[in-house]
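Residue numbers (UniProt numbering): 1 to 463. This report refers to the structure that appears directly beneath it.
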């Protein structure tokens with residue numbers, strides 16, 4: 001980690017290089033690339049109070065719910081799996097039967113989830129981005145869920161590169177090849193505000209006495225009230241862009257008119273598919289409530305497959321928990337992660353068959369694996385979701401063995417492909433090859449990817 005004192009000195013020396021109306025400095029959120037710490041929490045109490053939206057409509061309202069771990073959190077599903085609405089599913093098909101699409105038997109489908117770690121807090125950001133594109137172009141995936149694709153310029157670059165292999169894709173920024181965000185918003189960096197300048201001045205005045213990075217981050221978020229004053233886009237950008245001041249300035253506060261894309265992809269999510277996507281939806285898991293890092297799910301109906309979701313749950317950050325709203329919704333990162341879990345279950349409660357992919361920041365209790373938020377992981381399993389990668393001895397996706405990971409003494413499986421109503425074919429770890437960069441051998445990301453091949457229940461894959 002880079003010394004924050006050095007960073008701030010650097011910022012002062014280079015202050016006049018940038019527009020006088022903005023403070024272009026940071027050094028707050030190092031080591032947090034959307035991943036978990038390996039600290040093992042105490043077992044959650046049997047009854048947990050969480051804040052979650054009412055299950056109807058658009059998930060805008062909130063209510064208090066009591067939830068017992070291990071129970072069927074969101075009730076039993078009583079509605080048949082959502083139809084495509086275009087006649088693709090035979091009306092006489094029954095639960096558990098093989099579906100037919102235009103009289104074609106459903107074949108197996110390969111799903112891949114990969115946390116790209118494309119925030120500048122992860123080393124070799126620029127070099128890795130190009131290598132990641134090359135690797136994605138060679139992927140065998142039919143459906144691909146990408147996490148931590150934070151910067152809009154990166155998202156658009158990757159979308160264009162993958163268009164030939166994955167013609168169907170979407171995020172909060174785009175649908176297939178069409179950009180849906182307006183041009184003015186695309187050009188605006190997340191931290192172009194006077195408030196950002198004010199909080200950074202406070203940081204330099206009040207938070208620069210400690211040498212401890214965690215204390216500095218806490219001072220920035222609490223003493224300078226950055227967690228409540230800054231927009232969620234700015235706050236997230238600073239946290240994931242790391243301690244290198246130049247990177248934070250470039251990615252979070254650059255107002256250069258020569259740059260077409262300065263905007264921030266708030267969820268960090270993107271979904272790519274070789275098969276057509278219908279009924280696309282982007283849902284904030286805690287809508288209308290500010291978070292340090294906003295958590296979303298992208299969902300769609302994949303032709304010849306069914307409903308899928310791509311998500312990224314709350315991680316344990318390297319500083320004390322701060323809730324950016326008053327009164328606080330949660331008391332810990334673990335509790336917020338649990339709420340993400342409950343929201344996902346509620347979101348898919350009417351789907352008898354679906355696939356859920358992403359970095360859940362939950363590592364199960366299993367031999368040779370470090371458990372992290374494992375009680376939350378067990379909630380997903382208790383609600384009927386299978387995790388074939390874990391169940392079939394999958395290798396760790398974060399930690400020991402990956403030099404870009406901040407936890408070299410832990411073996412964590414944070415990335416998962418859950419499913420309900422499918423048959424397992426195969427699984428493996430992917431994107432785990434090392435490549436020479438500047439005389440060093442590095443992986444593509446601080447995470448490795450997960451690949452799982454599935455088919456609908458009682459369907460036999462065609463040769």
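Every residue gets a Cβ at the ideal spot worked out from N, C-alpha and C, and that includes glycine.
Of the listed residues the options, nearest to residue i (C-alpha basis)
i, options, result
"residue 273", "142, 408, 135", "142"
"residue 195", "231, 365, 328, 355", "231"
"residue 269", "226, 221, 167, 159", "159"
"residue 261", "301, 157, 314", "157"
"residue 305", "178, 422, 172", "422"
"residue 172", "296, 258, 219", "296"
"residue 119", "456, 444, 455", "444"
"residue 265", "115, 408, 154, 221", "154"
"residue 334", "326, 345, 322", "322"
"residue 499", "161, 320, 144, 145", "For residue 499 there is no data in the structure shown, the boundaries of the chain being 1 and 463."
"residue 438", "161, 125, 192", "125"
"residue 115", "234, 108, 147", "147"
"residue 134", "161, 145, 152, 144", "161"
"residue 250", "216, 413, 299, 189", "189"
"residue 388", "259, 415, 406", "415"
"residue 369", "346, 407, 345", "407"
"residue 275", "343, 216, 176, 287", "176"
"residue 263", "291, 344, 234, 287", "234"
"residue 314", "300, 302, 342, 303", "342"
Collapsed DSSP secondary structure at residue i in the structure displayed
i, result
"residue 145", "strand"
"residue 197", "helix"
"residue 436", "strand"
"residue 298", "strand"
"residue 406", "coil"
"residue 337", "helix"
"residue 192", "coil"
"residue 306", "strand"
"residue 456", "strand"
"residue 277", "strand"
"residue 40", "Note on residue 40: pLDDT 20, under 50, position unreliable in the model; no value is reported."
"residue 241", "helix"
"residue 260", "coil"
"residue 283", "strand"
"residue 444", "coil"
"residue 449", "strand"
"residue 392", "coil"
"residue 270", "strand"
"residue 288", "coil"
"residue 110", "strand"
"residue 118", "strand"
"residue 424", "strand"
"residue 316", "coil"
"residue 387", "coil"
"residue 464", "Residue 464 cannot be examined here, being either before or after the span of the chain that is shown, 1 to 463."
"residue 342", "helix"
"residue 495", "Residue 495 lies beyond the residue range present for the chain, which begins at 1 and ends at 463; the question has no answer from this structure."
"residue 130", "helix"
For residue j and residue i, the rounded distance between their alpha carbons
i, j, result
"residue 123", "residue 404", "7 Å"
"residue 117", "residue 398", "11 Å"
"residue 225", "residue 328", "14 Å"
"residue 150", "residue 293", "11 Å"
"residue 348", "residue 354", "8 Å"
"residue 246", "residue 111", "36 Å"
"residue 391", "residue 200", "47 Å"
"residue 340", "residue 222", "24 Å"
"residue 206", "residue 214", "14 Å"
"residue 434", "residue 411", "18 Å"
"residue 311", "residue 356", "8 Å"
"residue 308", "residue 204", "45 Å"
"residue 191", "residue 352", "42 Å"
"residue 289", "residue 325", "7 Å"
"residue 217", "residue 237", "14 Å"
"residue 364", "residue 372", "7 Å"
"residue 187", "residue 168", "25 Å"
"residue 184", "residue 344", "32 Å"
"residue 338", "residue 287", "16 Å"
"residue 385", "residue 278", "23 Å"
Residue-chain proximity (residue i, chain C), Cβ-Cβ < 8 Å
i, result
"residue 120", "No chain C is present in this structure, which holds just one protein chain."
Any non-hydrogen atom of the ligand HEM within 7 Å of residue i CB
i, result
"residue 261", "This structure lacks the ligand HEM; in fact it carries no ligand of any kind."
Any alpha helix (DSSP H) of 4 or more consecutive residues that is wholly inside the region 354-384:
Counting whole runs of 4 or more residues, the region 354-384 contains the alpha helix (DSSP H) stretches 374-382.
Would you call the region 447-457 and the region 389-398 in contact, with 3 or more CB pairs under 8 Å?
Result yes; three or more Cβ-Cβ pairs closer than 8 Å.
The region 124-144 contacting the region 424-444, beta-carbon criterion three pairs below 8 Å:
Flag = yes, the region 124-144 and the region 424-444 touch.
Quick check: the region 252-259 against the region 276-283, are there 3 or more CB pairs under 8 Å?
No contact exists between the region 252-259 and the region 276-283.
Examine the Cβ distances between the region 355-363 and the region 375-384 and report whether three or more of them are shorter than 8 Å.
Yes, the region 355-363 touches the region 375-384.
Examine the Cβ distances between the region 379-391 and the region 321-335 and report whether three or more of them are shorter than 8 Å.
With the rule of 3 Cβ pairs closer than 8 Å, the region 379-391 does not count as touching the region 321-335.
Is the region 126-138 touching the region 233-243 in the sense that three or more CB pairs, one from each, lie closer than 8 Å?
With contact defined as three or more Cβ pairs closer than 8 Å, the region 233-243 and the region 126-138 are not in contact.
What runs of the beta strand (DSSP E), each 3 residues or longer, lie entirely inside the region 151-239?
List check, beta strand (DSSP E) in window: 168-170.
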